[in-house]
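Engineer:
Numbering (this note's numbering), first residue to last: 232 to 344.
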């Protein structure tokens with residue numbers, strides 16, 4: 232049996248930009264992506280703490296060390312600058328592997344490690 236489990240989590244970062252005219256995605260500081268184990272173009276889910284909105288898109292690398300969290304395209308309508316969000320990704324694995332798997336969870340401060 233295969234099961235989907237939490238793989239990566241960036242807990243409580245602030246949205247720093249929203250660009251409705253960009254093609255789509257979420258821009259995440261490359262340092263945060265690496266620390267959380269999120270790959271470029273990986274599907275991620277965004278949970279907006281301020282509004283309760285929940286949506287998914289794909290991650291693209293932002294400038295390393297910039298603290299950027301940018302919602303692009305249609306996702307820009309689902310959060311405002313300074314909203315707090317949680318960014319997560321999941322992995323599908325064998326049930327027995329999932330029982331011992333430990334996700335990577337980071338708790339940035341001011342969008343920095």
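Where a beta carbon is used, it is the ideal one built from N, C-alpha and C, also for glycine.
Pairing CB atoms from the region 282–293 with CB atoms from the region 322–330, are three or more of them under 8 Å?
Structural biologist: No, the region 282–293 is not in contact with the region 322–330.
Engineer: With DSSP as the reference, label residue 251 as helix, strand or coil.
Structural biologist: Taking the first residue of the chain shown as 1, we reach residue 251 at position 20. In this structure, residue 251 counts as coil in the three-state DSSP scheme.
Engineer: At 4 residues or longer, and completely inside the region 232–291: list those alpha helix (DSSP H) runs for me, N to C.
Structural biologist: 261–267
Engineer: Evaluate contact between the region 255–266 and the region 334–343, counting only Cβ atoms and requiring at least three cross-stretch pairs below 8 Å.
Structural biologist: Contact holds: three or more Cβ-Cβ distances are below 8 Å.
Engineer: Please state the DSSP three-state secondary structure of residue 327.
Structural biologist: Here the question's residue 327 lines up with position 96 in the chain shown. Note: residue 327 maps to helix in three-state DSSP.
Engineer: Do residue 257 and residue 301 have their C-beta atoms within less than 8 Å of each other?
Structural biologist: Within the chain shown, the letter at position 26 stands for residue 257. Within the chain shown, the letter at position 70 stands for residue 301. Yes, the pair counts as a contact, with Cβ atoms nearer than the cut-off.
Engineer: Am I right that residue 251 and residue 308 are in contact with their C-beta atoms under 8 Å? What's the rounded C-beta distance?
Structural biologist: Here the question's residue 251 lines up with position 20 in the chain shown. Here the question's residue 308 lines up with position 77 in the chain shown. That belief holds up - the Cβ atoms of residue 251 and residue 308 are roughly 7 Å apart, short of 8 Å.
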